[in-house]
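To start, the structure under review is shown below, and the notes come after it.
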Amino acid sequence: MIKAVPKPLEEVLDLVKDFTKVLIVGCDGCVTVCEAGGSKEAKVLASALRLYFTQAGKQAQIDETSLTRQCEKEYLAQLSDKMDAYDAVVSLACGCGVQYMAEMYNNKIIYPGVDTCFLGVNEERGLYAERCQACGRCILAETGGVCPIARCSKRMLNGPCGGSDQGKCEISKDVPCGWELIYERLKTLGQLDRFEKPVDPKDWTTSRDGGPRTIVREDLRI
Amino acid sequence: MTAEYSAGSKLEKIFKSGQKAVTGECGPPRGADAEHFRHKAAYLKNVVDAVNVTDNQTAVVRFCSMAAAKILLEMGVEPVMQMVTRDMNRIALQSNMLGAAAMGIKNLLCLTGDHQTFGDHPQAKNVHDLDSVMLAHTLKTMRDDGKMISGTEVQGRPRMFIGAAANPFADPQEFRVVRMGKKIAAGVQFIQTQCIYNMERFKTFMEMANDMGLTEKCYIMAGITPLKSVGMANYMKKFVPGLDVPDSYIARLKGVPKDKVAAEGIKIAVEQIHECLAMKGIAGLHLMAIEWEEKVPEILETAGLLPRPKVEAD
Chain A
1 MIKAVPKPLE EVLDLVKDFT KVLIVGCDGC VTVCEAGGSK EAKVLASALR LYFTQAGKQA
61 QIDETSLTRQ CEKEYLAQLS DKMDAYDAVV SLACGCGVQY MAEMYNNKII YPGVDTCFLG
121 VNEERGLYAE RCQACGRCIL AETGGVCPIA RCSKRMLNGP CGGSDQGKCE ISKDVPCGWE
181 LIYERLKTLG QLDRFEKPVD PKDWTTSRDG GPRTIVREDL RI
Chain B
1001 MTAEYSAGSK LEKIFKSGQK AVTGECGPPR GADAEHFRHK AAYLKNVVDA VNVTDNQTAV
1061 VRFCSMAAAK ILLEMGVEPV MQMVTRDMNR IALQSNMLGA AAMGIKNLLC LTGDHQTFGD
1121 HPQAKNVHDL DSVMLAHTLK TMRDDGKMIS GTEVQGRPRM FIGAAANPFA DPQEFRVVRM
1181 GKKIAAGVQF IQTQCIYNME RFKTFMEMAN DMGLTEKCYI MAGITPLKSV GMANYMKKFV
1241 PGLDVPDSYI ARLKGVPKDK VAAEGIKIAV EQIHECLAMK GIAGLHLMAI EWEEKVPEIL
1301 ETAGLLPRPK VEAD
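Protein sequences appear in the order of chains A and B. Residue numbers for the first sequence, in the working numbering: 1 to 222. Residue numbers for the second sequence, in the working numbering: 1001 to 1314.
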């Protein structure tokens, strides 16, 4: 799932301090799972903003709501009768949700309330880790189910580099060497021979390098 | 224009003659001061067979390795141009390889490069469109098949002798030789190793390389860096990944008066050189006297590696 972290309160305050009517919109999707931008976080942020305005002696109306998903029009449309009542909206969805809301409500000021980070897993509550870079051409079948693009700091396809040290990456002792993980997994699977052959340069056209991406599934389109 | 040489560099010719080759290293400065670079390189002229010029090593900005290699050519010193995949995509890498070959640079060392977090611009975007294995294979394909990665025909093939690095001390240990084999399969003709201090581990590495037949397919050069001081030895041990400087070397440096530490460091380096060159499958020495170029003649003289063979590149 998409992982995000709440923006620092000061940053959000700086965005909304000159408005008097602000709507905070949470998203019940990915950002709820990582506890960055769900209905609970929307309530917490709204309370913090109210406190700020009260202490600053300013009159302000801060409301909060949450949508099932902000990456779908039908859910975003549920805001249509509310939008006119606010000067600005803070979306707690990932970058996709913020942008999709801005597209639908073209004349409204929409601010992001979270920093969208990566596609990852929940290792523990409050500990999320990157696993996928959405390159558009999955090679996990060749790499023992561990992605070198997401987990090697150099995105090497012929790793590990000379900086691999006791299972750790050269950039930090806190970062596992992705290629050590691949190596260990392939050893377990008895597939080490996969790595004796040099891997060719990757075709990155399906990744971000090929420009903004669209999926067209004719089989699903009506 | 002899068919027997793939590139006809002095380095390739010395290897093929069966003699042990010796390379040195000279890092370009963090600025445009060519005189400083020429001054350091002058210590290496006629003392080593070829000189590596580093490509923004440790991700610190310096003047570029191609310019440095060109300066060496003008000085009559054969360059080994280093190229890392961190900073350029496949378009720029191929372009620079062709340009380097066009200027007469005949040895290219293909590297992935240190991560930019180590350098002076940790905010930089890294490229890593290719890695070192792919870079070597790209050069081989342009040179031997006349094709770029795209399949486009090159007009004038880059005649370059293809090198790469190997770190016998990184992990996982047992995979290091396999990975060196992969580089060789991709087209690498000579390997320069990371600085060797742990002789036992290096011996194991070479035994595995011999067993796998790699030393018959590729010239392996032992990387030696003389220890200038106790501080440097401790730094290498603590901060350079995979470099375990044995306590016995540190004890030796500590055991002599301060004004004799450098001499002891050189003594250790010479012992290591002899030990490495005696190992089966070692085809040469890569002497990295970091900011200590002026000592290279003395080290090689003491090691009995001077004078160097008189060989001309094509």
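Ideal placement from N, C-alpha and C gives every residue a C-beta, glycine not left out. None of the values given here were measured: they were computed from a predicted structure.
So, for residue i: in the same chain, excluding its five sequence neighbours on each side, which residues have a beta-carbon less than 8 Å away from its beta-carbon?
i, result
"isoleucine 1071(B)", "Ala1034, Phe1037, Arg1038, Ala1041"
"lysine 1140(B)", "Ile1162, Ala1186, Gly1187"
"aspartate 28(A)", "Gly38, Ser39, Ser66, Leu67, Thr68, Arg69"
"glutamate 1153(B)", "Gly1146, Lys1147"
"aspartate 203(A)", "Arg137"
"histidine 1115(B)", "Ala1059, Arg1086, Asn1126"
Tell me which same chain residues have a C-beta within less than 6 Å of the C-beta of residue i, skipping the five on either side of it?
i, result
"isoleucine 24(A)", "Ala42, Leu45, Ala46, Glu64, Val90"
"arginine 1030(B)", "Arg1062"
"methionine 1001(B)", "Residue placement at methionine 1001(B) is flagged as unreliable, the pLDDT there being 39, under the threshold of 50; a coordinate-derived value is accordingly withheld."
"threonine 143(A)", "Ile182"
"tyrosine 111(A)", "Leu15, Val90"
"methionine 1236(B)", "Leu1243, Val1245"
"serine 1009(B)", "Lys1106, Asn1107, Phe1161, Ala1313"
"alanine 1007(B)", "Lys1106, Arg1159, Met1160, Phe1161"
"aspartate 1055(B)", "Ser1065, Gln1082, Met1083, Val1084"
"proline 8(A)", "none"
"serine 153(A)", "Cys169, Ile171"
Give the residues of chain B in contact with residue i, contact being defined as C-beta atoms less than 7 Å apart.
i, result
"isoleucine 171(A)", "His1115, Thr1117"
Along chain A, in chain order, which residues have C-beta atoms closer than 7 Å to that of residue i?
i, result
"threonine 1112(B)", "Lys154, Met156, Cys161"
"phenylalanine 1175(B)", "Tyr183"
"asparagine 1167(B)", "Gly162"
"glutamine 1082(B)", "Going along chain A, no residue has its Cβ under 7 Å from glutamine 1082(B), so there is no contact; the nearest lies around 14 Å."
Can you name the residues of chain A whose CB is closer than 8 Å to the CB of residue i?
i, result
"glycine 1181(B)", "Glu196"
"proline 1226(B)", "Ordered by position in chain A, no residue passes the 8 Å Cβ test against proline 1226(B), which lies about 20 Å from the chain."
"alanine 1067(B)", "Simply none; closest approach about 25 Å."
"asparagine 1056(B)", "Those within 8 Å of asparagine 1056(B) in chain A number zero; the least Cβ separation is about 15 Å."
Is it true that the CB of residue j sits closer than 8 Å to the CB of residue i?
i, j, result
"isoleucine 1149(B)", "arginine 1090(B)", "yes"
"isoleucine 1268(B)", "alanine 1303(B)", "no"
"glycine 37(A)", "valine 114(A)", "yes"
"glycine 136(A)", "serine 207(A)", "yes"
"threonine 1225(B)", "methionine 156(A)", "no"
"methionine 1097(B)", "proline 1028(B)", "no"
"leucine 1130(B)", "methionine 1221(B)", "no"
"lysine 1182(B)", "glutamate 170(A)", "no"
"valine 1080(B)", "leucine 1011(B)", "yes"
"valine 1022(B)", "leucine 1300(B)", "yes"
"tyrosine 86(A)", "lysine 3(A)", "no"
"tyrosine 52(A)", "leucine 92(A)", "no"
"glycine 1151(B)", "cysteine 1195(B)", "no"
Against residue i, what residues of chain B qualify as contacts under a CB-to-CB distance less than 8 Å, listed in chain order?
i, result
"tyrosine 105(A)", "Within chain B, no residue comes near tyrosine 105(A); the closest Cβ sits about 33 Å away, beyond 8 Å."
"proline 201(A)", "Arg1090, Asp1129, Leu1130, Met1134, Thr1138, Ile1149"
For residue i, collect the residues of the same chain with a Cβ closer than 7 Å to its Cβ; drop the 5 residues on either side in sequence, then sort them by chain order.
i, result
"isoleucine 1184(B)", "Leu1214, Lys1217, Cys1218"
"alanine 1068(B)", "Pro1028, Phe1037, Val1053"
"methionine 83(A)", "Tyr105, Lys108"
"glutamate 1294(B)", "Tyr1043"
"threonine 20(A)", "Gln59, Ala60, Gln61, Asp87"
"alanine 150(A)", "Glu130, Arg131, Cys132, Gln133"
"lysine 168(A)", "Val175, Pro176, Cys177"
"tyrosine 100(A)", "Gln70, Cys71, Leu76"
"alanine 1032(B)", "Phe1063"
Following a CB-centred definition, is residue i positioned closer than 7 Å to any heavy atom of the ligand MN?
i, result
"serine 1006(B)", "Ligands in the displayed structure: none, and consequently the ligand MN is not present."
Report the neighbours of residue i on chain A: residues whose CB is nearer than 9 Å to its CB, in chain order.
i, result
"asparagine 1126(B)", "Ser153, Lys154, Arg155"
"valine 1178(B)", "Leu192, Phe195, Glu196"
"glutamine 1194(B)", "Gly162"
"alanine 1186(B)", "Asn158, Pro198"
Quick one: list the residues of chain B neighbouring residue i, beta-carbon separation under 9 Å, in chain order.
i, result
"glutamate 142(A)", "Residues of chain B passing the Cβ test: none, with the nearest at roughly 14 Å."
"glutamate 180(A)", "Asp1171, Pro1172, Phe1175"
Ignoring anything shorter than 4 residues, give me the alpha helix (DSSP H) runs that lie fully in the region 1169-1220 of chain B, in order along the chain. 1173-1186, 1199-1211
Do the region 1193-1207 of chain B and the region 1270-1288 of chain B make contact, defined as three or more Cβ pairs closer than 8 Å? yes
- Item | Every unbroken alpha helix (DSSP H) inside the region 124-205 of chain A [4 residues or more] | 148-151, 178-189
TODO: With a floor of 4 residues, list each alpha helix (DSSP H) that falls wholly inside the region 1245-1284 of chain B, ordered by position along the chain.
DONE: 1247-1254, 1261-1277
>> Under 8 Å, with one C-beta from each stretch per pair, do the region 1113-1129 of chain B and the region 1143-1160 of chain B reach the 3-pair mark?
In response: no
Report the start-end ranges of each alpha helix (DSSP H) in the region 35-66 of chain A that is 4 residues or longer and not cut off at the edges. 39-55
Taking contact to mean at least 3 C-beta pairs separated by less than 8 Å, is the region 209-216 of chain A in contact with the region 1002-1021 of chain B?
no
Contact between the region 123-135 of chain A and the region 99-110 of chain A: three or more CB pairs below 8 Å? no
* Asked: Between the region 1041-1056 of chain B and the region 1298-1313 of chain B, are three or more C-beta pairs nearer than 8 Å?
  -> yes
Q) Touch check for the region 162-169 of chain A and the region 1165-1178 of chain B: three-plus C-beta pairs under 8 Å? A) yes
* Could you tell me whether the region 1222-1240 of chain B touches the region 1253-1261 of chain B, using the rule of 3 or more Cβ pairs below 8 Å? => yes
Going residue by residue through the region 1082-1124 of chain B, where are the continuous alpha helix (DSSP H) segments of at least 4 residues, counting only ones entirely within it? 1090-1102
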